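> Dropping a structure here in structure tokens format, bear with me for questions.
Residue numbers (my numbering): 6 to 584.
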């Protein structure tokens, strides 16, 4: 503990001054949030009866466990397998259990501590407002600790178990798998209260009905606190049950220390040590590809080698999982009612998918430049022009998201009953419009590349990333205009004209669409063809223009900012330029 305190203190006092400003801003935001919660409890305290308090506590504790699992997983992984002091500690005559429990205690400083403060202060304020018994305060304190221990132990168990399953050759993908599983687990946890009750969740809580069955552990925690608030000794049994449950989770976690901690650390840092059998290479004639095709294939092989490259798609797929899970298992039938109405579902789906393209395409393309941080010296000696490098990266950065989202669109279209014309039209439209988004991302990647060896998604500096997001959404709204002209019936011209009387961007866009709809009343075919050509020329023109800018930047030489992850001498220097 003394050694950990010295490390913490030295790390804190040697940080850049900018970090202190960031911490101060976060602290102020945290105080504002805490003050908002306290004021809400103080003014609404009369409406919080004992039954309502029990429901609020049950769901709040569920949220606490969920957030500790979701947000605490990276912190736990860092303490178990990425801490720089483990190289020294494992060589010293210190039992592995001692090192593990120090790391376990250290994990409280972070998400669990923030959750603890965020919960205990409002609960103490409520106790003062309601005139709770003196037993209420220690019971709240220890019950919160028990809930935090359960959530933290689950986070440790996920790390200790999965590190034994994932092979050493896929060690880089460990956190990717952890993050995806944690997101799905937390979603299922939050969905559970709604599945156990027929009425909506807020209605159940405000009515004072039990949120969970009596055997559910979080019911024990809420019962212990509510009973202690009145001074009833009936809090003893649920309080002891929570103590036993937290002890069981801690005990199970300790049983996996030897294999999951030390062995896992060796596995992730040194590999499994097993040699693969070399396959006899078949003699074949070498085939030379066009430089643009060769650069694209090189990018594809980089994507295949490291699963962390696909992290930018994880939020999208989690959202799809949540949507499908809710649609099929919520029982409300809202999504099923939309089947058989392709004239409604198809345009809505196209707008949603275009929005997804705007989020992912530019980001995915921008990452391809920073991917060269380790191989700039190779590209410098290859007989490749800047255009060949850019267009090679551009086509694969466009193709990968397009294939993934087209598969999703096909599945949704089959379920919702779209026509073949809608299938083909939607796919062709997004194939055209997404090219411009990829070109925008390539340019911002060339001017703001950054490389973080421990976080592949940290590949763009803050200012270029913010500007890229703005440019992507400006492009998104611009390409929606010809799309809207093709979809909106000509009879809606009068309604759109009324919107055009508004000031600002919306009024200007509506006025433009109104003029096009008037033309569409005269010749619908010509307007649709003109809108398609406008989108085609605009998308490919923007993509080509930004690709040329990126090629010139690359030929002049660009700087890739290298993020330092340790105090050791950097492998590539402070900056790497000359791509």
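Heads up, the beta-carbon is just placed ideally off N, CA and C, and yes, glycines get one too. The model shown is predicted, which means the values in this text are computed figures rather than measured ones.
1. Secondary structure at residue 563, three-state DSSP: helix, strand or coil?
2. Give me the residue from 457, 406, 371 with the minimum Cα distance to residue 473.
3. Would you please state the rounded distance, in angstroms, between the beta carbons of residue 112 and residue 77? I believe it to be under 8 Å.
4. For residue 144 and residue 233, which I take to be in contact (beta-carbon distance under 8 Å), what is that distance rounded to the nearest angstrom?
5. Around the Cβ of residue 578, are there at least 16 other Cβ atoms within 10 angstroms (buried) or fewer (exposed)?
6. In whole angstroms, what separates the C-alpha of residue 119 from that of residue 168?
7. Here's a check: name, in chain order, each residue in its chain whose Cβ is nearer than 6 Å to the Cβ of residue 269, leaving out the five neighbours to either side.
8. Which residue marks the beginning of the alpha helix (DSSP H) containing residue 155, and which one marks its end?
9. Go ahead and label residue 487 buried or exposed: buried means 16 or more other beta carbons lie within 10 angstroms of its beta carbon, across all protein chains shown.
10. On the CB-based measure, 16 or more other CB atoms within 10 Å of its CB, does residue 161 come out buried or exposed?
11. Whole angstroms are fine: how far does the CA of residue 437 sit from the CA of residue 518?
12. Return the first residue and the last residue of the alpha helix (DSSP H) that residue 424 is part of.
13. Here's a check: name, in chain order, each residue in its chain whose Cβ is nearer than 6 Å to the Cβ of residue 366, leaving out the five neighbours to either side.
14. Measure the alpha-carbon distance for residue 374 versus residue 245 and round it to whole angstroms.
15. Alpha carbon to alpha carbon, how far is residue 127 from residue 46?
16. Nearest-angstrom Cα distance between residue 224 and residue 79?
17. Excluding the 5 residues flanking residue 59 on each side, which residues of the same chain have their C-beta closer than 6 Å to its C-beta?
18. Once you ignore the five residues that flank residue 157 on each side, which residues in its own chain have a CB closer than 8 Å to its CB?
19. Leaving out five residues before and five after residue 337 in sequence, what residues of the same chain have Cβ atoms less than 8 Å from its Cβ?
20. Among 296, 34, 482, which residue has its Cα nearest to the Cα of residue 390?
21. Which same chain residues end up closer than 8 Å to residue 148 when comparing Cβ atoms and leaving out the 5 residues on each side of it in sequence?
22. Measuring CA to CA, which of 422, 394, 383, 435 is closest to residue 411?
23. Keeping to the same chain, check which residues put their C-beta closer than 7 Å to that of residue 469; ignore five residues upstream and five downstream.
24. By DSSP, does residue 88 sit in helix, in strand, or in coil?
25. Look at residue 238 and residue 123 and say whether their C-beta atoms are less than 8 Å apart.
From the atom records:
1. The sequence position of residue 563 within the chain shown is 558, counting from 1. Three-state result, residue 563: coil.
2. By 1-based counting over the chain shown, the position of residue 473 is 468. Per the Cα distances, 371.
3. Along the chain shown, one-based indexing puts residue 112 at 107. Along the chain shown, one-based indexing puts residue 77 at 72. Rounded to the nearest angstrom, the Cβ distance from residue 112 to residue 77 is 7 Å, consistent with a contact under 8 Å.
4. Residue 144 sits at position 139 when you count from the first residue of the chain shown. Residue 233 sits at position 228 when you count from the first residue of the chain shown. Distance from residue 144 to residue 233 at the Cβ level is roughly 4 Å; contact confirmed, criterion being Cβ atoms closer than 8 Å.
5. Taking the chain shown and counting its residues from 1, the one referred to as residue 578 is at position 573. In this predicted model, residue 578 has a pLDDT of only 43, less than 50, meaning its place in the structure is not dependable; the value taken from the coordinates is given anyway. Burial call: exposed.
6. To locate residue 119, count along the chain shown from 1; it is residue 114. To locate residue 168, count along the chain shown from 1; it is residue 163. In this structure, the alpha-carbon of residue 119 lies about 27 Å from that of residue 168.
7. Indexing the chain shown from 1 puts residue 269 at position 264. Counting only Cβ-Cβ distances below 6 Å, and skipping sequence neighbours, we find 168.
8. Your numbering for residue 155 matches position 150 in the chain shown. Its alpha helix (DSSP H) spans residues 141-170.
9. Sequence index remark: in the chain shown, residue 487 carries index 482 (1-based). Label assigned to residue 487: buried.
10. Residue numbering aside, residue 161 sits at position 156 when the chain shown is read from its first letter. Residue burial is scored here from C-beta neighbours: residue 161 has at least 16 other C-beta atoms within 10 angstroms and is therefore classed as buried.
11. The residue given as residue 518 occupies position 513 in the chain shown. The residue given as residue 437 occupies position 432 in the chain shown. Straight-line measurement puts the Cα of residue 437 at about 21 Å from the Cα of residue 518.
12. For the purposes of this step, residue 424 is taken as the residue at position 419 of the chain shown. Per DSSP, residue 424 belongs to no alpha helix (DSSP H) and is neither H nor E.
13. Start at 1 with the first residue of the chain shown, and residue 366 comes out as number 361. Same-chain partners within the cutoff: 406, 439, 442, 443.
14. Residue numbering aside, residue 374 sits at position 369 when the chain shown is read from its first letter. Residue numbering aside, residue 245 sits at position 240 when the chain shown is read from its first letter. Inter-residue distance for residue 374 and residue 245 is about 57 Å (C-alpha atoms, whole angstroms).
15. Translated into positions along the chain shown, residue 127 becomes position 122. Translated into positions along the chain shown, residue 46 becomes position 41. In this model, residue 127 and residue 46 are separated by some 7 Å (Cα to Cα).
16. By one-based count along the chain shown, residue 224 stands at place 219. By one-based count along the chain shown, residue 79 stands at place 74. Between residue 224 and residue 79, the alpha-carbon positions lie close to 29 Å from each other.
17. Taking the first residue of the chain shown as position 1, residue 59 is located at position 54. In chain order, 227, 231 place their CB closer than 6 Å to the CB of residue 59, counting only its own chain and leaving out the 5 sequence neighbours on each side.
18. Here residue 157 corresponds to residue number 152 of the chain shown, with the count starting at 1. For residue 157, where only same-chain residues beyond five positions count, the Cβ hits under 8 Å are 73, 77, 81, 109, 112, 113, 117.
19. Here residue 337 corresponds to residue number 332 of the chain shown, with the count starting at 1. In this prediction, residue 337 has a pLDDT of 47, which is less than 50 and means its spatial position is unreliable; what the coordinates show is noted afterwards. No residues qualify anywhere along the chain.
20. Here the question's residue 390 lines up with position 385 in the chain shown. Distance check between residue 390 and each of 296, 34, 482 places 296 closest, using alpha-carbon atoms only.
21. Here residue 148 is taken as the residue at index 143 of the chain shown, counted from 1. Same-chain partners within the cutoff: 226, 229, 230, 244, 247.
22. As a position in the chain shown, residue 411 is number 406, starting the count at 1. Minimum Cα distance to residue 411 is reached at 435.
23. For the purposes of this step, residue 469 is taken as residue 464 along the chain shown, with counting starting at 1. So the list reads 449, 452, 453, once near-sequence residues are dropped.
24. Counted from its first residue, the chain shown places residue 88 at position 83. DSSP places residue 88 outside both helix and strand once states are collapsed to three, so it counts as coil.
25. Working through the chain shown from its first residue, we reach residue 238 at position 233. Working through the chain shown from its first residue, we reach residue 123 at position 118. One thing to note: residue 238 has its Cβ no nearer than 8 Å to the Cβ of residue 123.
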